[in-house]
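Engineer:
Residue numbers (my numbering): 125 to 352.
1) Which residues bound the alpha helix (DSSP H) around residue 177?
2) Does the Cβ of residue 156 have 16 or more other Cβ atoms within 10 Å, making it buried, or fewer, making it exposed?
3) Is it right to say residue 300 is buried, meaning 16 or more other beta carbons lie within 10 angstroms of its own, or is it exposed?
4) Do you know offhand how far residue 316's Cα is from residue 172's?
5) Decide if residue 142 is buried, meaning its Cβ has at least 16 other Cβ atoms within 10 Å, or exposed.
6) Look up residue 229 in the DSSP assignment and say whether it is helix, strand or coil.
7) For the alpha helix (DSSP H) containing residue 141, list its first residue and its last residue.
8) Residue 308 CB to nearest chain D CB: under 8 Å?
9) Three-state secondary structure (DSSP) at residue 336?
10) For the alpha helix (DSSP H) containing residue 103, name the first residue and the last one.
11) Quick test of your reading: residue 229 and residue 318, contact by CB under 8 Å. State the CB separation rounded to the nearest angstrom.
12) Put residue 125 into one of helix, strand or coil per three-state DSSP.
13) Less than 8 Å between the C-beta atoms of residue 242 and residue 196, yes or no?
14) Could you pull out every residue in the same chain whose Cβ sits closer than 7 Å to the Cβ of residue 309, ignoring the five residues on either side in sequence?
15) Once DSSP output is grouped into helix, strand and coil, what is the label at residue 197?
16) To test your reading of the DSSP string, which unbroken alpha helix (DSSP H) runs of 4 or more residues are found completely within the segment 276-320?
17) For residue 246 versus residue 239, is the C-beta distance shorter than 8 Å?
18) Roughly how many angstroms separate the alpha carbons of residue 250 and residue 193, rounded to a whole number?
19) For residue 147, I'd like the list of residues in its chain whose CB is within less than 7 Å of its CB, leaving aside the five on either flank, ordered along the chain.
20) Compare the Cα-Cα distances from residue 292 to each of 236, 212, 145 and report the closest residue.
21) Is residue 298 closer than 8 Å to residue 289 when the C-beta atoms are compared?
22) Keeping to the same chain, check which residues put their C-beta closer than 8 Å to that of residue 152; ignore five residues upstream and five downstream.
23) Secondary structure at residue 184, three-state DSSP: helix, strand or coil?
This is the structure in structure tokens:
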């Protein structure tokens, strides 16, 4: 009997195998320290095959960033159920975000640390993902304001600023949660909800915080030599 021929692995499957190995290596060792030899060995393929599929280390890293960015964005979008109240939508979105970053710490390291510190080519891919998340959160807040019937014309700039602040806080909290043993995705989402929704909830109810008007009794506003 002749030797049994093994079925060749489809290119798409093999490529994902290489990307898995690359994300793990880049996430744990950093872009500069990671080697193509190491990635090929972890993927169980030859280094020439990695180059054949993905051209160069730079192209491989870019492919990793794009894949991880798409996966994170998709996780957040599918985690939000539009039929729910605004606070539940935000809660579900935050849980999806923190669950994904906790389940893919190497991918999050690639996005949050490595891609942002090794050149504009890589940083621009992450910036595009972040812009998409901010746009998504901006729409969520704007819809919530309209549905509250308290402030349907909440300033566009204010909504955009709130979304930027919320996404920035989520990014920082995810980095902290991944570096702190025992912190779950639910705990991280709860922390950010407690931090953010008290203010957002009041805003939806038409009760925004505003800075106090300066008065002569305010020590910071007294002129030098003015009696107390």
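Every residue gets a Cβ at the ideal spot worked out from N, C-alpha and C, and that includes glycine.
Structural biologist: According to the structure data:
1) Looking up residue 177 in the chain shown gives position 53. It spans 171-178 - the alpha helix (DSSP H) in which residue 177 sits, taken as one unbroken run.
2) What you label residue 156 is simply residue 32 of the chain shown in a count that begins at 1. Looking at its Cβ environment, which holds fewer than 16 other Cβ atoms inside 10 Å, residue 156 is exposed.
3) To locate residue 300, count along the chain shown from 1; it is residue 176. By the neighbour-count rule (16 or more Cβ atoms within 10 Å), residue 300 is not buried but exposed.
4) Position 192 of the chain shown holds residue 316. Position 48 of the chain shown holds residue 172. About 46 Å.
5) One-based indexing of the chain shown puts residue 142 at position 18. That one is buried.
6) Within the chain shown, residue 229 is the residue found at index 105, counting from 1. Reduced to three states, the DSSP call for residue 229 is helix.
7) Walking along the chain shown from the start, residue 141 turns up at place 17. Here the alpha helix (DSSP H) through residue 141 covers 135-153.
8) This model lacks chain D altogether, as it is built from one protein chain only.
9) Taking the first residue of the chain shown as position 1, residue 336 is located at position 212. Of the three classes helix, strand and coil, the one that applies to residue 336 here is coil, per DSSP.
10) Residue coverage of the chain in this structure runs from 125 to 352, which leaves residue 103 outside it and unanswerable.
11) Taking the first residue of the chain shown as position 1, residue 229 is located at position 105. Taking the first residue of the chain shown as position 1, residue 318 is located at position 194. 24 Å between Cβ atoms; not a contact.
12) Your numbering for residue 125 matches position 1 in the chain shown. Reliability fails at residue 125, whose pLDDT of 40 lies under 50, so the model's placement of it is uncertain and the value that follows must be treated cautiously. Reduced to three states, the DSSP call for residue 125 is coil.
13) In the chain shown, residue 242 corresponds to position 118, counting from 1. In the chain shown, residue 196 corresponds to position 72, counting from 1. Not in contact: residue 242 and residue 196 (Cβ atoms no closer than 8 Å).
14) Locating residue 309 in the chain shown gives position 185, counting from the first residue. Here the set comprises 219, 222, 223, 226.
15) Locating residue 197 in the chain shown gives position 73, where the first residue counts as 1. Residue 197: helix per DSSP, three-state reduction.
16) 280-303
17) Counting from 1 along the chain shown, the entry for residue 246 is found at position 122. Counting from 1 along the chain shown, the entry for residue 239 is found at position 115. Cβ atoms of residue 246 and residue 239: closer than 8 Å.
18) Counting from one through the chain shown, the residue named residue 250 turns up at place 126. Counting from one through the chain shown, the residue named residue 193 turns up at place 69. About 7 Å.
19) Sequence index remark: in the chain shown, residue 147 carries index 23 (1-based). Counting only Cβ-Cβ distances below 7 Å, and skipping sequence neighbours, we find 188, 192, 230, 231, 234.
20) Against the chain shown, residue 292 aligns to sequence position 168. Answer by Cα proximity: 236.
21) By one-based count along the chain shown, residue 289 stands at place 165. By one-based count along the chain shown, residue 298 stands at place 174. For residue 289 and residue 298, no; Cβs fall outside 8 Å.
22) Here residue 152 corresponds to residue number 28 of the chain shown, with the count starting at 1. Correct list, in chain order: 230, 233.
23) Here residue 184 refers to the residue found at position 60 when the chain shown is read from its first residue. Helix.
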